[in-house]
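For reference, the structure is listed below as structure tokens.
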Amino acid sequence: MARRRGQENREGAQKCLRSALMISACLSLVLSMIGYTFAEPIMAFSGAQADSMEYAVEYFRIIMIGFMPMCVGLTVNAAQRGVGNTRIAMTTNLTSNFINLIFNYLLIQGNLGFPRLEVKGAAIATILGSTVACLLSIRSLLPHDTYLHLNLRSGWKPDKESLRSIWGISYSALIEQVFMRIGFFTYVKIVANLGTMAFATHQICMNIINLSFAFGDGFSIAIASLVGQSMGAKRPDMAKLYVKVNKVLLYGISGALAIFFVVFRYQLVGLFTNEPQIIRQAGQLMLIIAATTVIQTSALSYTGCLRGAGDAKYIAVTAFISIAIIRPISAWLLCYPVGLGLVGAWFSLFIDQCMRCLLNGMRFRTGKWARIEV
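If you count by this note's numbering, then the sequence shown holds residues 33 to 406, one letter each, in order.
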């Protein structure tokens, strides 16, 4: 989508949008039917215990009912980001979360005269939020003066060129996500085996480092759009300049966050718990988090550039190497044979981020991403 915007090929962007919407709607419908039908074995595989299985299945099936509008909304937001309209995604996400929050209050406990639905109420609140977000996303495509305009009278016959471009990037992105989920799942299992106290400490630290990830991910999305548009305009020099400026901004933000994490580490952890043992151990881990923050944001900058250029295959390879292999193996070695426990798990996360930064940075410097056709 960003390439078509850079090429000033609005009709090509419209074709990509229609093709992406058809793919998203069809695949999400099929997946929702599969998820609803096989909800129980899926929940069992995910680790649901006997005492929570009924609630997990109930929640998952309701989510599957609203899965299609959720996917369609995400597809529209991704398309809008590609052409530089990031405000739509922000607006729809804020609205979705607000509606989710309100209906959680109304339906879980049955407040203000609403029925008490408990777990079912939480699921309904989630799909209400995502459905409204989907409608808002589609509404952003209706005005005729917007770059992306959804015209129901236009031809909806699948466009071979658009399908080829979408598939060329999406299948690599799918493989990347599979590798990431495998790595994350294995990593969490290793940490969970350290015990309840260690896992609680780990979860608190993950919530804190997600703050720096949010900054890095936002800039990564922006740089992907700008690089894609620059490549479409045949200006790889501008793409490189955007990455350099992006890195300077991120170094400033991540550096400030790292200092903040070090100076106020115990106060930050204290927002989540009053348990002295957790505060003490998490305070030690915050030093690793501070160092990881700077590396993580730099890695996200390179990843955004490669993704915007369409170099999704390379990103999938780095995800396989660093997340699916290096992180879980180093976590197990450092946690158990070396005996570092939770500290070892966080050192492995730091190693993973360093490896991704190194590999993606090397790819950026070779310039091969600038020769990819989408």
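Even for Gly, the Cβ is constructed at its ideal location relative to N, Cα and C.
Computed from a predicted structure; not experimentally measured.
field: Closest Cα partner of Gln328 within the set Arg37, Ile358, Phe382 and Asn117
entry: Along the sequence shown, one-based indexing puts residue 328 at 296. Answer by Cα proximity: Phe382.
query: Looking at C-alpha atoms only, which residue of Ser172, Asp269 and Leu289 is the closest neighbour of Phe245?
result: Here residue 245 refers to the residue found at position 213 of the sequence shown. For the residues Ser172, Asp269 and Leu289, the minimum Cα distance to Phe245 belongs to Leu289.
query: What are the boundary residues of the alpha helix (DSSP H) that Glu40 is part of?
result: What you label residue 40 is simply residue 8 of the sequence shown in a count that begins at 1. Where Glu40 is concerned, there is no enclosing alpha helix (DSSP H), given that its DSSP letter is neither H nor E.
query: DSSP three-state call for Asp249: helix, strand or coil?
result: As a position in the sequence shown, residue 249 is number 217, starting the count at 1. In the structure shown, Asp249 sits in a helix (DSSP, three-state: H, G or I).
field: Terminal residues of the alpha helix (DSSP H) in which Glu208 lies
entry: The residue labelled residue 208 in the question sits at position 176 within the sequence shown. Here the alpha helix (DSSP H) through Glu208 covers Lys192 to Ala224.
message: Please classify Asn278 as buried or exposed, where buried requires at least 16 other C-beta atoms within 10 Å of its C-beta.
response: To locate residue 278, count along the sequence shown from 1; it is residue 246. Asn278 comes out buried.
task: Ignoring anything shorter than 4 residues or poking outside the stretch 317-358, list the alpha helix (DSSP H) runs there in chain order.
output: Listed in chain order, the alpha helix (DSSP H) elements of length 4 or more contained wholly in the stretch 317-358 are 344-351.
- prompt: If Gly114 and Phe92 are in contact, beta carbons under 8 Å, what's the gap, nearest whole angstrom?
  reply: Position 82 of the sequence shown, counted from the first residue, corresponds to residue 114. Position 60 of the sequence shown, counted from the first residue, corresponds to residue 92. That belief does not hold up - the Cβ atoms of Gly114 and Phe92 are roughly 31 Å apart, past 8 Å.
query: For Ser60, which residues of its own chain have a beta-carbon under 8 Å away from its beta-carbon, when the five flanking residues on both sides are left out?
result: As a working note, residue 60 is residue 28 in the sequence shown. Phe99, Met100, Met102, Cys103 and Val104.
For Phe130 and Leu138, believed in contact at Cβ under 8 Å, the rounded distance: Locating residue 138 in the sequence shown gives position 106, counting from the first residue. Locating residue 130 in the sequence shown gives position 98, counting from the first residue. Not a contact, Cβ separation roughly 13 Å.
query: Where does the unbroken alpha helix (DSSP H) through Gly287 begin, and where does it stop?
result: Here residue 287 is taken as the residue at index 255 of the sequence shown, counted from 1. That run of the alpha helix (DSSP H) goes Pro268 to Val295.
message: According to DSSP, is Tyr137 part of a helix, a strand, or is it coil?
response: Mapped onto the sequence shown, residue 137 falls at position 105. Three-state result, Tyr137: helix.
- prompt: Leaving out the 5 sequence neighbours to the left and right, which residues in its chain are closer than 6 Å to Ile241 when beta-carbon positions are compared?
  reply: Residue 241 sits at position 209 when you count from the first residue of the sequence shown. So the qualifying residues of the chain are Ile321.
query: Shortest alpha-carbon distance to Val210 belongs to which of Ile353, Gln46 and Lys266?
result: Counting from one through the sequence shown, the residue named residue 210 turns up at place 178. Checking every option, the nearest Cα to that of Val210 belongs to Ile353.
query: Can you tell me whether Lys47 is buried or exposed, with buried defined as 16 or more other CB within 10 angstroms of its CB?
result: By one-based count along the sequence shown, residue 47 stands at place 15. By the 10 Å Cβ count, Lys47 comes out buried.
- request: Look at the alpha carbon of Gly376 and the alpha carbon of Leu243, and state the distance between them as a whole number of angstroms.
  value: Sequence index remark: in the sequence shown, residue 376 carries index 344 (1-based). Sequence index remark: in the sequence shown, residue 243 carries index 211 (1-based). One C-alpha to the other measures close to 22 Å.
field: Short Cβ contact (8 Å threshold) for Arg37 with Tyr179
entry: Here residue 37 corresponds to residue number 5 of the sequence shown, with the count starting at 1. Here residue 179 corresponds to residue number 147 of the sequence shown, with the count starting at 1. Taking the C-beta atoms as reference points, Tyr179 is found nearer than 8 Å to Arg37.
task: Determine the DSSP secondary structure at Ala82, reduced to helix, strand or coil.
output: The residue you call residue 82 lines up with position 50 of the sequence shown. Looking at Ala82 - three-state DSSP - the assignment turns out to be coil, as it is neither helix nor strand.
- request: Tell me whether the beta-carbon of Arg35 lies closer than 8 Å to the beta-carbon of Met263.
  value: Locating residue 35 in the sequence shown gives position 3, counting from the first residue. Locating residue 263 in the sequence shown gives position 231, counting from the first residue. For Arg35 and Met263, yes; Cβs fall inside 8 Å.
field: Inter-residue Cα distance where the pair is Thr163 and Thr127
entry: Here residue 163 refers to the residue found at position 131 when the sequence shown is read from its first residue. Here residue 127 refers to the residue found at position 95 when the sequence shown is read from its first residue. Near 10 Å, if we compare the C-alpha coordinates of Thr127 and Thr163.
message: Let me check understanding here. Comparing Cα to Cα, which of Gln81, Ala157, Arg185 and Glu43 lies closest to Ile95?
response: Taking the first residue of the sequence shown as 1, we reach residue 95 at position 63. In terms of CA proximity to Ile95, Ala157 leads the group Gln81, Ala157, Arg185 and Glu43.
message: What would DSSP say about Arg113, mapped onto helix, strand or coil?
response: As a first step, residue 113 is located in the sequence shown; it is residue number 81 there, counting from the start. Of the three classes helix, strand and coil, the one that applies to Arg113 here is helix, per DSSP.
Classification of Ser84 by the beta-carbon crowding that lies within 10 angstroms, buried from 16 upward: In the sequence shown, counting from the first residue as 1, residue 84 sits at position 52. It is exposed - the Cβ of Ser84 has fewer than 16 other Cβ atoms within 10 Å.
- request: Find out if the Cβ-Cβ distance for the pair Ile159, Ile97 is shorter than 8 Å.
  value: Numbered from its first residue, the sequence shown carries residue 159 at position 127. Numbered from its first residue, the sequence shown carries residue 97 at position 65. Contact flag set, yes.
field: Status (buried if at least 16 other CB within 10 Å, exposed otherwise) for Ala82
entry: What you label residue 82 is simply residue 50 of the sequence shown in a count that begins at 1. When all chains shown are included, Ala82 counts as exposed.
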